[in-house]
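Trainee: Residue numbers (the UniProt record's numbering): 1 to 285. Before I ask anything, here is the structure I am working with.
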């Protein structure tokens with residue numbers, strides 16, 4: 001639990017840093033690439049190559065590609081059309097994706113999850129009911145893809161570690177995660193990155209350094225390690241704890257002029273969607 005709590009604080013702070021100092025100023029693909037390269041420089045030298053099963057390596061490559069590669073490319077792109085509070089609220093739905101993935105792995109169908117998804121879309125519409133446009137919904141969909149791949153990474157990591165136990169510490173097998181992420185992020189930057197939107201100010205480089213070494217290296221490692229130590233219900237709650245903390249930080253420090261009434265109403269509807277999803281789990285248990 002301690003690992004998850006610490007990473008929650010890091011995540012809450014990181015969302016505002018991305019939205020305030022990088023989004024719209026630094027190329028999204030480059031920012032994600034820098035983060036994964038810095039994190040890789042921390043963990044790859046610590047990685048044991050000969051003592052790890054090939055099946056575990058392949059699993060970690062896939063998890064890294066999903067939980068960081070696809071997730072963070074979509075996350076950064078969503079900041080182009082969404083505010084920081086909107087991004088934070090829309091990540092509330094990660095536990096819903098965890099439920100869908102667990103159901104799929106266990107070959108179950110949960111209609112409550114589908115109902116929850118429709119309610120969540122309604123909550124998103126409430127937040128922007130007077131300015132709904134294709135870009136807004138594209139941002140919402142990008143975040144749901146990010147939520148899905150982030151959830152998939154957590155679920156698959158727990159299953160992978162349980163299936164391939166080892167006497168090696170977690171960090172000795174975690175470097176493969178960042179290689180998998182790099183396999184997604186590097187081609188994305190080479191294909192879609194814009195060289196004229198690279199960091200110029202020292203503050204932007206400082207933010208990238210923090211996000212790479214703290215949020216990406218330590219944060220993702222500690223989160224996945226902590227996820228293996230708690231049950232599914234606790235993990236679902238912890239997936240959402242960064243939202244109120246992140247909103248509080250953003251609204252107090254950077255975004256005091258946000259329309260709080262509509263944000264609160266739409267956020268309440270989205271929270272109801274998560275509650276409906278959890279209700280479905282209890283009904284089918």
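Backbone N, C-alpha and C fix where the C-beta goes; we use that ideal spot for every residue, glycine too.
1) Does the segment 61-74 come into contact with the segment 151-162, if we say contact requires no fewer than three beta-carbon pairs (one atom in each stretch) closer than 8 Å?
2) Can the beta-carbon of residue 34 be found closer than 8 Å to that of residue 182?
3) Is residue 159 helix, strand or coil when you go by DSSP?
4) Who are the Cβ neighbours of residue 173 in its own chain at under 8 Å, not counting the five residues just before and after it?
5) Which two residues bound the contiguous alpha helix (DSSP H) that contains residue 46?
6) Given this structure, state the Cα-to-Cα distance separating residue 224 from residue 272, to the nearest angstrom.
7) Which residue wins for smallest C-alpha separation from residue 72, given the options 211, 20, 97?
8) Apply the 10 Å Cβ neighbour rule to residue 15 and answer buried if 16 or more other Cβ atoms are within range, or exposed otherwise.
9) Measure the C-alpha to C-alpha separation of residue 254 and residue 106 and round it to an integer number of angstroms.
10) Would residue 13 pass as a contact of residue 249 if the rule is Cβ separation under 8 Å?
11) Spatial neighbours of residue 30 within its chain, please: C-beta separation below 7 Å, excluding the five flanking residues on both sides.
12) Distance check for residue 93 and residue 261, CA to CA, integer angstroms please.
13) Nearest-angstrom Cα distance between residue 82 and residue 99?
14) Around the C-beta of residue 195, are 16 or more other C-beta atoms found within 10 angstroms, so that it is buried, or is it exposed?
15) Measuring alpha carbon to alpha carbon, tell me which residue in 138, 214, 252 is nearest residue 7.
16) Closest by CA to residue 323, which one among 226, 69, 18?
17) Can you give the beta carbon distance from residue 75 to residue 23, rounded, assuming they're within the 8 Å contact cut?
Mentor: For this structure:
1) Three or more pairs of CB atoms, one per stretch, sit closer than 8 Å, so the segment 61-74 contacts the segment 151-162.
2) Not closer than 8 Å, so no.
3) Helix, per DSSP.
4) Within the same chain, residue 173 has close Cβ partners 47, 48, 52, 56, 60, 166.
5) Premise fails: residue 46 is in no alpha helix (DSSP H) and is neither H nor E.
6) So the two alpha carbons sit approximately 27 Å from each other.
7) Residue 211 is the option with its Cα nearest to residue 72.
8) With 16 or more other Cβ atoms within 10 Å, it is buried.
9) Cα to Cα, the separation comes out at about 43 Å.
10) Yes, the pair counts as a contact, with Cβ atoms nearer than the cut-off.
11) Cβ neighbours of residue 30 beyond the five flanking positions: 189, 193, 198.
12) One C-alpha to the other measures close to 20 Å.
13) Note on geometry: alpha-carbon atoms of residue 82 and residue 99 lie some 26 Å from one another.
14) Label assigned to residue 195: exposed.
15) Considering only alpha carbons, the answer is 214.
16) The structure shown does not extend to residue 323, since the chain spans only 1 to 285, so no value can be given for it.
17) About 10 Å; that fails the 8 Å criterion.
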